[in-house]
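Participant: Sharing a structure with you now.
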Amino acid sequence: MSFYAAGVPVLHFFTGAHEDYHKPSDDTALINAEGGVRVANLVAEVALELTTRDGLTYLAAEAPAPLGDVRSYGASLGTIPDYTGSPDDRPGMRLAGVRPEGPADLAGLQRGDWIVELSGREIRDIYDLMYVLREARPGEESRVVVERDGERIERQVTFGESAGTR
């Protein structure tokens, strides 16, 4: 489980995405070195500031709605993937959370669930889930199977619109 999903404060520093981000075509020539310098300076300032504070107030932030980009899918499930995966290579995709009032939430899925089947396809990892979402259409109903506390649970879900289809 990720630190954020466990309620531990986190900061993520990022210089932004580009068309080849996280694709085989991504290359060192696409590194944003100038942005990296700005991020490094900001990290140093934050670290210095933290050393002078007695304590911090933690406020959990709501997950923002997904923004469309070149990787947008045909439909949305409204899930927040837990990218940490499984320590024992367990198949499926674990949920770090679900978006309030999103398709997964309305179907009864919750943080900690492992999606193991969707639309009749086995889900072994996030890539299997992305494949199903690319093929699905908003408004389409589907069966989803999750594992929760060692039990398989079956639900009906109605896919929502992805940001890329709006």
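Letter 112 of the sequence shown, counting from 1, is numbered 1099 in the working numbering, and no numbers are missing.
All C-beta atoms, glycine included, are put in the ideal place defined by N, C-alpha and C.
1. CB-CB under 6 Å to D1056, same chain, minus the five flanking residues each way: which ones, in chain order?
2. Of the residues R1142, T1038 and I1102, which one's Cα is nearest the Cα of A1083?
3. Given 8 Å as the limit, is there contact between the region 1085-1092 and the region 1025-1041, that is, 3 or more CB pairs closer than that?
4. Going by DSSP, what residue range makes up the beta strand (DSSP E) through A1027?
5. For the alpha helix (DSSP H) containing R1121, list its first residue and its last residue.
6. Near Q1097, which residues of its chain fall below 6 Å by C-beta distance, leaving aside the five closest residues on each side in sequence?
7. Pull the bridge partners of V1132 from the DSSP assignment, please.
8. If contacts are defined as beta-carbon pairs under 8 Å, then L1064 and V995 qualify, I think. What distance do you get, rounded to the angstrom?
9. Could you check whether L1029 and F1000 sit closer than 8 Å to each other, using their CB atoms as the reference points?
10. Assign R1040 to one of two classes, buried (16 or more other C-beta atoms within 10 Å of its C-beta) or exposed (fewer than that).
11. DSSP puts E1109 in a beta bridge; with which residues?
12. How big is the Cα-Cα spacing for I1018 and S1012?
13. Can you tell me which of the three DSSP states A1091 falls into?
Facilitator: For this structure:
1. In the sequence shown, the residue the question calls residue 1056 occupies position 69. For D1056, the predicted structure reports a pLDDT of 36, less than 50, and the residue's modelled location is therefore unreliable. The matter cannot be settled from this model.
2. For this step, residue 1083 is matched to residue 96 along the sequence shown. For A1083, the nearest C-alpha among the options comes from I1102.
3. The answer is no - the region 1025-1041 does not touch the region 1085-1092, with fewer than three Cβ pairs under 8 Å.
4. The residue you call residue 1027 lines up with position 40 of the sequence shown. Per DSSP, A1027 belongs to no beta strand (DSSP E); it is in the alpha helix (DSSP H), A1020 to T1038.
5. As a first step, residue 1121 must be located in the sequence shown, where it is residue number 134. I1113 to E1122 is the span of the alpha helix (DSSP H), which, as asked, contains R1121.
6. For the purposes of this step, residue 1097 is taken as residue 110 along the sequence shown, with counting starting at 1. Nothing meets the Cβ criterion.
7. Position 145 of the sequence shown, counted from the start, is the residue given in the question as residue 1132. DSSP lists E1104 and E1141 as partners of V1132.
8. One-based indexing of the sequence shown puts residue 1064 at position 77. One-based indexing of the sequence shown puts residue 995 at position 8. No, L1064 and V995 are not in contact; Cβ-Cβ is about 25 Å, not under 8 Å.
9. Within the sequence shown, residue 1000 is the residue found at index 13, counting from 1. Within the sequence shown, residue 1029 is the residue found at index 42, counting from 1. Yes.
10. Within the sequence shown, the letter at position 53 stands for residue 1040. Taking every protein chain shown into account, the CB of R1040 has fewer than 16 other CB atoms within 10 angstroms, so this residue is exposed.
11. Translated into positions along the sequence shown, residue 1109 becomes position 122. Paired residue(s): E1104.
12. Here residue 1018 is taken as the residue at index 31 of the sequence shown, counted from 1. Here residue 1012 is taken as the residue at index 25 of the sequence shown, counted from 1. Roughly 12 Å separates the two Cα atoms.
13. By one-based count along the sequence shown, residue 1091 stands at place 104. Here DSSP, grouped into helix, strand and coil, assigns A1091 to helix.
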